[in-house]
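Asker:
Residue numbers (full-length UniProt numbering), protein chains in the order written: chain A, 1 to 384; chain B, 1 to 384; chain C, 1 to 384; chain D, 1 to 384.
1. By the three-class DSSP mapping on this structure, what secondary structure does residue 6 (chain D) have?
2. Using only alpha-carbon positions, find the residue among B:251, B:266, B:51 and B:283 that is nearest to residue 197 (chain B).
3. Taking just the CA atoms, how far does residue 65 (chain A) sit from residue 405 (chain A)?
4. Taking Cβ positions, are residue 175 (chain D) and residue 125 (chain D) nearer each other than 8 Å?
5. Within its chain, find whatever has a CB closer than 6 Å to the CB of residue 206 (chain C); leave out the 5 residues flanking it on each side and keep chain order.
6. Return no unless some Cβ of chain A is closer than 8 Å to the Cβ of residue 160 (chain C).
7. Given 8 Å as the limit, is there contact between the region 305-316 of chain D and the region 275-287 of chain A, that is, 3 or more CB pairs closer than that?
8. Would you mind telling me which residues of chain B sit closer than 7 Å to residue 443 (chain C), beta carbon to beta carbon, in chain order?
9. Where in the region 257-320 of chain D do unbroken runs of the beta strand (DSSP E), each at least 3 residues long, occur, reported from the N-terminal end onward?
10. Output, in chain order, the set of chain D residues within a Cβ distance shorter than 9 Å of residue 296 (chain B).
11. Where residue 342 (chain A) and residue 232 (chain A) are concerned, what is the direct C-alpha to C-alpha distance, given to the nearest angstrom?
12. For residue 61 (chain D), name the three-state secondary structure that DSSP assigns.
13. For residue 4 (chain C), return the contacting residues in chain D, with the cut-off set at a CB-CB distance below 7 Å.
14. What does DSSP give as the partner residues of residue 82 (chain D) in its beta bridges?
15. For chain D, find out if any of its Cβ atoms is closer than 8 Å to the Cβ of residue 319 (chain C); answer yes or no.
16. Shorter than 8 Å from the beta carbon of residue 27 (chain D) to some beta carbon of chain C?
17. Comparing the C-beta of residue 258 (chain A) with each C-beta of chain D, is any distance below 8 Å?
18. Measure the CB-CB distance between residue 38 (chain A) and residue 78 (chain A) and report whether it falls below 8 Å.
19. Could you tell me the alpha carbon to alpha carbon distance between residue 90 (chain A) and residue 360 (chain A), rounded to whole angstroms?
20. Would you kindly work out how many angstroms separate the C-alpha atoms of residue 161 (chain A) and residue 248 (chain A), rounded to a whole number?
21. Here's a check: name, in chain order, each residue in its chain whose Cβ is nearer than 7 Å to the Cβ of residue 272 (chain C), leaving out the five neighbours to either side.
22. Any beta-carbon of chain C closer than 8 Å to the one on residue 314 (chain D)?
23. Relative to chain D, which residues along the region 221-237 of chain A have a C-beta separation below 7 Å, given in chain order?
24. Any chance you could list the alpha helix (DSSP H) runs of at least 4 consecutive residues sitting entirely within the UniProt domain "GFO/IDH/MocA-like oxidoreductase" (146-273) of chain B, in chain order?
25. Quick check: residue 298 (chain B) and residue 261 (chain A), are their CB atoms within less than 8 Å of each other?
26. Flag residue 262 (chain C) as yes if its beta-carbon sits less than 8 Å from any beta-carbon of chain B, otherwise no.
27. Indicate whether the contact test is met: 3 or more Cβ pairs, each with one atom in the region 314-332 of chain C and one in the region 23-36 of chain C, closer than 8 Å.
28. The beta strand (DSSP E) with residue 339 (chain C) in it runs from where to where?
29. Could you tell me whether the region 44-56 of chain B touches the region 4-19 of chain B, where touching means 3 or more Cβ pairs closer than 8 Å?
30. Name the residue from A:377, A:285, A:354 and A:358 whose alpha carbon lies nearest to the alpha carbon of residue 147 (chain A).
31. Taking C-alpha atoms, which residue in B:142, B:164 and B:100 lies nearest to residue 258 (chain C)?
32. Excluding the 5 residues flanking residue 383 (chain C) on each side, which residues of the same chain have their C-beta closer than 6 Å to its C-beta?
33. Per DSSP, residue 38 (chain A) forms a beta bridge with which residues?
34. Give, in chain order, every residue of the region 298-309 of chain D whose Cβ lies closer than 8 Å to some Cβ of chain B.
35. Could you list which residues in chain C have their beta carbon closer than 8 Å to that of residue 322 (chain D), in chain order?
36. Let's see if you can read the secondary structure: which residues bound the beta strand (DSSP E) around residue 133 (chain B)?
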């Protein structure tokens, strides 16, 4: 009989956008039982969310330390096995560390921490823990993004010469009203860290680029801008990149691209062919051949790689999207946890979720792009 | 504290496509507890599915009559409140009738029954039952389909002159292998009824047309074809339509449109403007103005009607799709059931799910189009 | 040294849309010298157009009979070799007949004549003439339409099972103002003939279907509507079709599809694959494979057939369109005329322009669809 | 009676791509008589082209100096009034200068010259000439590009914050065969100048950006790459830009973007709205509103600005493209020349073609981006 993973959520109280997304993602494939939470710094609000979710009131806690401490006192078969941490950035590191130190698996929203040094510390904690770690870089959960990576790593494009990733959003085009909880913390350095847009979405773009190309960035030449007056963090920027194989890259990210929704896209150009994926048509992957006709690979089709197929629920033409991509991360983490628990090696498709390396590289990206953006020197080497 | 609706599933065992879709749809918004099932005519297979879902083995039943009988013997607070019926067409009517007669709510896959007379009988049973009924015409669950209906009913297009709905699929382009369970029953008159493609997807197209236009079809002139040799039911066809307001319509549906995925679309033309929605770009609704520029309405945006907003979970640019559309039907049914239970009037957005009228009209459509397709007379009046 | 064909135009005076299109099409490839004209029934207006075009005033004539008579009196090396007839439908037959009878080549706008009998008579005149005939069904001049035909005739799709052609326009959605010259004659039976939309654009759709599929229509079941009150001719309609190989078809055409521009499209479904072309993306041809990924063929690429290549001027990504498609007809007619004049067999790509057979079948289509549209019988056999 | 401008062509002999494009552009609107040429450095080849075009053999010249000298000896009413110069870059300056010095109007292909200093000298020559000058930056000839500029300059987007222009091509993805005449001179510094891709297409992107935004670039931070081994000039690159109003920009251009056709696009983001145009859908201009729905403006519609309308020949839905955009430049230059000749002020829509300022700024762009691309300093100020 199927055993669901008992999980608690830290953050995700009233008004949280990403908390509800994580909860839907947990439920979609029936892998998790959300049974406890410290949803808010206000116990009142935390209880409201807990009630809405139908949780046992005794499992609603005032804060993450209490949550972890009390849960550990419960019988092993009742207590949580994992936590999902969906707080603003400044409240990522401490609960993640405490959970890992106590053998509790961690699903963490991105960017991983407030600084690269925190991420590196978390990496050490993880190395000494029996627990596992998963970072929710949503976009690499899309089946056709996985297919893109498969096409590149299979050599179908030849040596990669150039990668262009672009992530324009428009929702911060104006100074945000203080009522906009999402905008408020993202533009507050005490909660977001040293980066605004570069941390919030630049890291997604960076992660997508390294994931699909299978190549590490080695140097960055950036322009980082604050377009909206009086904003304390960057809201726009980009970088030219050097890649470990000698290829080049371009990364663009903006939250002031007026009228844009959430239009993440990536183009990869190899010796023999290019490819393009964009979230606004997330179920297609276009292979652009140098001399033969372009080909459209579609989610749900039988000709796809095992990675794309494993991360898909419906036949082609029955659109899946963002929530399903998010759920793929949770599902693969769950499958891997079950395998580990049973002393089995997870299938390679199950292990294909973002982890601590992505966490560390994401923080390195933030620190490098912000530093170079302020510099008169053209290039800064990537620190890792 | 949130009360989830206790539900059982009839059908949806190993190899079922639509069963898993219904289960995901139930889970997505946390409204249901799936606690019992008669998933297959084989008890063995039923148990397999039950185990995979983590159900209590005592709640896995050999057939729907046992399921309903035994559940009714459980204490009121434990027994199921609803059933989800996802069997092939010929096994829709009997369990639905039995459930309704026993005050158990019914979620039923389409087409409702094997014949119009069964549907009419079910309508009578429902009138005398305390239970409620929901028919899962998925496509009217899309937020932008609801917006399309809202635009039409608000009069923004003026009087409707013409509606064109088209539903090409290609998956039955060749004679199906007997191993293909989905194809097998759909092309078998003893399980599917008198119609093949007209019943399986023609009814969806018909439902979409009447839902979006707010108009009833009054007469049909059809061409119904069996393209693949030796197939026993139609796999292709279409109809010209007359509408109750004097307007005209075209309905096309095919399962032998080689290479097509699931490309349902609708265009509505009014005096002042037209609109177009297609499932392959389900988050957009295009308003085509006669003299002003075309406008693209997008799911997740603040300017939409309350119907589109209510049926949406993520901001624009974070794609939702088929599973979310399906979940909207379950969610609205759940919200309505809670309201009824509390003696409250459900909000109008909650009541916006397909019910017994759609069930009856869908069966009337099947019988009319098949009859006219065989006739040398050009037109057949719609019987209702 | 290149010899241009000396041509006159009949019709195409002030306010004419199609006259200017024909003139651009003539010029584009430098094949014709437009040196004479009877542009209008008003000599004054005819002179105005002649002057704007820089023509010798002595070659501007009051009517087509004078034009042909006077030109024949000029020395052979000066007189016109061809006429382009761009008048409303009721003024097609007589000048075309007179020209052909006098050995003057004819380029004729569609539909060919006012009636099938006129078209059949023109066919006989042509058989006894030394002159050649070309009908400007623009849309078969598109390179990717030619590629579509090539793909079908090469057998790449297997046996054709179904064809769907759709041609929605919205420009006649309202009763047209009398000032709208284009609308006025098209909705006037004395100038347009027995059909409105079916003649104006239905014939294009019909021609496209037969051209791309390489199949003749053998029977029609139609719905023909007049949507705008008080209009004297049809403005909307469609037909189910039977094809000579046992396949089926659908043809839709409307000029009251509010907000639509000129959105001609065709889908062809064969045993192994389908294809789709639409004017709104005229440089792409999508091949929809049953099991392999879809493929996008693009104008200007080296992998295309000789038909597509021959009818193309710029590399891929440098968009060509309607005027170039129109010019292809003129260019191929010119190449063929030169070859005939030199006693050579034209290349097969040059002979690929619409001629008298298309003229006759187009008129048969008009008469058949209008007749069946008024009938209570479902089917009318195609008369040819 | 319409007077056509007598024009000669310099360059454009056998194997030339752009020569034929210019000739089609001249013919399309019936404004020019191409009556003379020095099409090639080989008189033999020049005669071949002249014959194909039907030119008088006495007007085919061995070189541009002879052409200009001999034509000046002809009677004023016979001699050329203008030259079209379509040679490789290194043969732009001298004939352009000679023509202008002799009062002959010049249409010059881009980039204007081999160096900024040549462009500045040409500017001085022009100031002292009675003749006029036109530079064929094709892409600003598109009606919907003109509409984009109109929307920006009208203030409909508010203050411009950011502009992104991208121009990926793939045709130089591999080392070109020596037979490829187009590739050969473009990758040869003695013919192309100091820049490869940055000169060939980077200048188009730069011109588009300044034209649409109405803003001058003030500083550049570039990455300029040579991706294909042994190539002597850049084939890929990009730049971050500072704009005169404090806004920022991104410019990307590549000729090694494997599988890309000619996919020029521009996005402009203002305070209230953004806009997007791309050549692959050249007839649409999307206005992306911050809170209202997106709007699609379409070529050929009545609601457009006078700039878009004036540069359009067919109704919406009858696609125009690259050749028509090119023809718009020639047509507007012709209309302006006629007005000047008649002592009239040309309409503002006629004067909307690229001229000497665009020539000079284009060369400044080339020199600046190449210089900064080699520098370790992040920014280089634009020299003008």
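Cβ atoms here follow ideal geometry from the backbone N, Cα and C, with glycine treated the same way.
Answerer: From the atom records:
1. In the three-state reduction of the DSSP assignment, residue 6 (chain D) falls in the strand class, which pools E and B.
2. B:251
3. With chain A covering 1 to 384 only, the question about residue 405 (chain A) has no answer from this structure.
4. No, these two residues do not count as a Cβ contact at 8 Å.
5. Cβ-Cβ distances below 6 Å link residue 206 (chain C) to 365 in the same chain, with the five nearest sequence neighbours on each side left out; the list follows chain order.
6. no
7. no
8. Given a span of 1 to 384 for chain C in the structure shown, any question on residue 443 (chain C) remains unanswerable.
9. Counting only runs of 3 or more residues that sit fully inside the region 257-320 of chain D, the beta strand (DSSP E) segments are 265-270, 273-278, 284-289 and 294-298, in chain order.
10. 286, 293, 294, 295 and 296
11. 49 Å
12. The answer is coil: DSSP assigns residue 61 (chain D) none of H, G, I, E or B.
13. Within 7 Å Cβ-Cβ: 54.
14. D:7 and D:105
15. yes
16. So yes, residue 27 (chain D) belongs to the interface.
17. yes
18. With respect to residue 78 (chain A), residue 38 (chain A) sits apart: the two C-beta atoms are not nearer than 8 Å.
19. 15 Å
20. 6 Å
21. Non-local beta-carbon contacts of residue 272 (chain C) in its own chain, meaning distances under 7 Å to residues more than five positions away in sequence, involve 157, 158 and 290 in chain order.
22. yes
23. 221, 223, 225, 227 and 236
24. Listed in chain order, they are 181-186, 189-192 and 203-213.
25. Their beta carbons are under 8 Å apart, which means residue 298 (chain B) touches residue 261 (chain A) by this criterion.
26. Contacts with chain B at 8 Å (Cβ-Cβ) do not include residue 262 (chain C).
27. Yes, since at least three Cβ pairs between the region 314-332 of chain C and the region 23-36 of chain C fall closer than 8 Å, the two stretches touch.
28. Careful: residue 339 (chain C) lies outside any beta strand (DSSP E), inside the alpha helix (DSSP H) at 322-341.
29. yes
30. Of the candidates A:377, A:285, A:354 and A:358, the one whose C-alpha sits nearest the C-alpha of residue 147 (chain A) is A:285.
31. B:164
32. 364
33. Note: residue 38 (chain A) sits in a beta bridge opposite A:10.
34. 298, 301, 302 and 303
35. Contact of residue 322 (chain D) with chain C by beta-carbon distance below 8 Å involves 314, 318, 319 and 320.
36. 133-135
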